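Below you'll find the structure, written out as structure tokens, and then a few comments.
Right, dumping it as structure tokens:
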């Protein structure tokens, strides 16, 4: 496939080279229905699923028949914990469950490539030569974003397995900045953030993992 050339910048926003973007990953056709399916899957997996109610067997009390079966003129009753009674059990109420489900890997790959392609086509993709800090500094990290001309929500993807410790600590207090290792790259966070900043090494890992 044809390849698009993108600039690589350093932490001072000076040009550090060029890289050819894989057209299969950063030039894919955007299919909104696939993106929608994957985002729904991600949000479903994040649900706690802890809502719980008690049926008539789980409500305390109600073991004794409240009155005799016949002769009182009242409706028959076997327990005060019937769902018909105040304080009784719940019928068909929620129980703890997992809402997680999976869509096929090819669908997930197509949705991720669509999200990456939309960032590249909109000019919202910044490729860093590397992201390294000697010590955590929120002020220094904000200055970095200003040098890069970034505004709004920012997603930063690094090639570290657990993320760069100094960079992670530096941006932890920044509300609109999320730093992820390349293994954590996902469709929902790509759509939620306006700008994607990715290191050169992470870019290679993404293309290797998700190219068609």
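Numbering (my numbering), first residue to last: 39 to 250.
Quick reminder that beta carbons are idealized off the backbone N, C-alpha and C, glycines included.
Only a predicted model underlies this, so the values are computations on that prediction, with no experimental measurement involved.
As assigned by DSSP and simplified to three states, the class of residue i
i	result
residue 171	coil
residue 53	strand
residue 76	helix
residue 222	helix
residue 217	strand
residue 176	helix
residue 212	coil
residue 193	strand
residue 47	strand
residue 123	coil
residue 70	helix
residue 84	helix
Identity of the residues DSSP links to residue i by a beta bridge
i	result
residue 42	59
residue 237	166
residue 206	Answer is none; residue 206 lacks a bridge partner.
Cβ-based burial, residue i [other Cβ within 10 Å; buried from 16]
i	result
residue 129	exposed
residue 160	exposed
residue 197	buried
residue 155	buried
residue 222	exposed
residue 116	exposed
residue 153	buried
residue 67	exposed
residue 237	buried
residue 131	exposed
residue 90	exposed
residue 125	exposed
residue 235	buried
residue 147	buried
residue 194	buried
residue 79	buried
residue 95	exposed
Residue of the options minimising C-alpha distance to residue i
i	options	result
residue 49	167, 102, 225	167
residue 56	203, 45, 64, 66	45
residue 203	227, 143, 176, 146	176
residue 82	243, 95, 195, 141	141
residue 84	74, 66, 137	137
residue 232	65, 158, 43, 220	158
residue 213	80, 192, 110, 147	192
residue 122	143, 218, 93	93
residue 211	99, 114, 58, 174	174
residue 86	164, 73, 135	135
residue 243	220, 149, 97	220
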